[in-house]
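In short: position in the sequence shown from 1, add 1, done, that's the working numbering.
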Amino acid sequence: MRTVGLIFCLTFLLYNIGNSQKHLTRYDDTFKKYSKRFFGPGFDWKLFKAQGIAESQLTPEATSYVGARGIMQLMPSTFKEVKSKNPDFKSIEDPEWNIGAGIYYDRTMYVAWKDIKDDSEKIRFTFGSYNAGRGTILKAQTKAKIDSLDHTSWESISNVAHKVPKWRYKETLNYIENINQYHKQLEK
């Protein structure tokens with residue numbers, strides 16, 4: 002009986018290790034494809050996978066309390082806007098289209114931050130805008146300027162975040178930190 006229990010435990014452990022490995026590579030091809038399409042071949046696609054993990058733990062069925070859906074937690078209105086420029090994106094529920102639309106939306110945010118020259122800063126502003134809205138981050142930049150801080154530095158935005166009315170800034174700051182941590186794990 003003890004042997005049967007041991008065999009069961011080993012089988013369970015090996016099964017979970019296998020599934021864990023699948024999770025590590027789940028949707029990699031899709032993240033690579035749309036990162037390359039919207040950011041070019043040299044851009045680090047793992048940043049967007051880290052974002053997907055931060056958004057939903059790569060769960061296609063995820064739905065937030067505000068109605069954001071899918072792996073990249075897109076609002077239906079945002080998906081509709083992205084789809085108008087990418088008619089091949091059929092459904093917000095489809096993981097491929099959800100990931101593609103999320104990365105496309107990241108691209109629109111990335112391009113909008115043209116005054117930020119440092120790429121690592123620019124991606125933080127991109128993800129911050131994705132989470133809180135670009136208008137909120139622009140308000141934070143204004144606060145940073147008033148405080149004579151570098152408005153193109155995410156650290157400055159973090160320092161003045163509490164001064165921006167109606168911004169759930171802790172959520173956004175944690176979001177950026179989570180993406181950074183997931184990205185480090187993906188780099189290993």
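In this text, a Cβ means the ideal position worked out from N, Cα and C, and glycines have one as well.
When the distance is taken between beta carbons, is residue j closer than 9 Å to residue i?
i    : j    : result
R108 : A133 : no
G53  : L59  : yes
L48  : I100 : no
I180 : A51  : yes
G129 : W155 : yes
For residue i, is the classification buried or exposed, using 16 other Cβ atoms within 10 angstroms of its Cβ as the cut-off for buried?
i    : result
S36  : buried
N175 : exposed
Q74  : buried
I147 : exposed
T31  : buried
F96  : First, the amino acid is wrong: residue 96 is Pro here, not Phe. P96 should be labelled buried.
W46  : buried
V165 : buried
Between the options, which has its C-alpha nearest residue i's C-alpha?
i    : options                 : result
Y28  : P61, Y66 and H184       : P61
K118 : D95, T153, S57 and A141 : T153
E172 : A55, S92 and K91        : A55
R38  : E122, Y105 and Q186     : Y105
I158 : Q182, F126 and K189     : F126
Taking 8 Å as the cut-off, is the beta-carbon of residue i closer than that to any non-hydrogen atom of the ligand FMN?
i   : result
E56 : What this structure holds is no ligand at all, so the ligand FMN is not there to describe.
According to DSSP, what are the bridge partners of residue i?
i    : result
L174 : According to DSSP, which records beta bridges pairwise, L174 is partnered with nothing at all.
R70  : T64 and L75
Near residue i, what residues of its chain come up, given a Cβ to Cβ distance below 6 Å and the 5 sequence neighbours on each side ignored?
i   : result
Q1  : Absent from the model: residue 1. The displayed extent of the chain is 2 to 189, so no value can be given.
K84 : F90
Give me, in chain order, the residues of the same chain whose beta-carbon lies closer than 7 Å to that of residue i; leave out the 5 immediate sequence neighbours on both sides.
i    : result
A162 : A141, W168, Y170 and L174
I93  : R70, G71, L75, P77, F80 and N99
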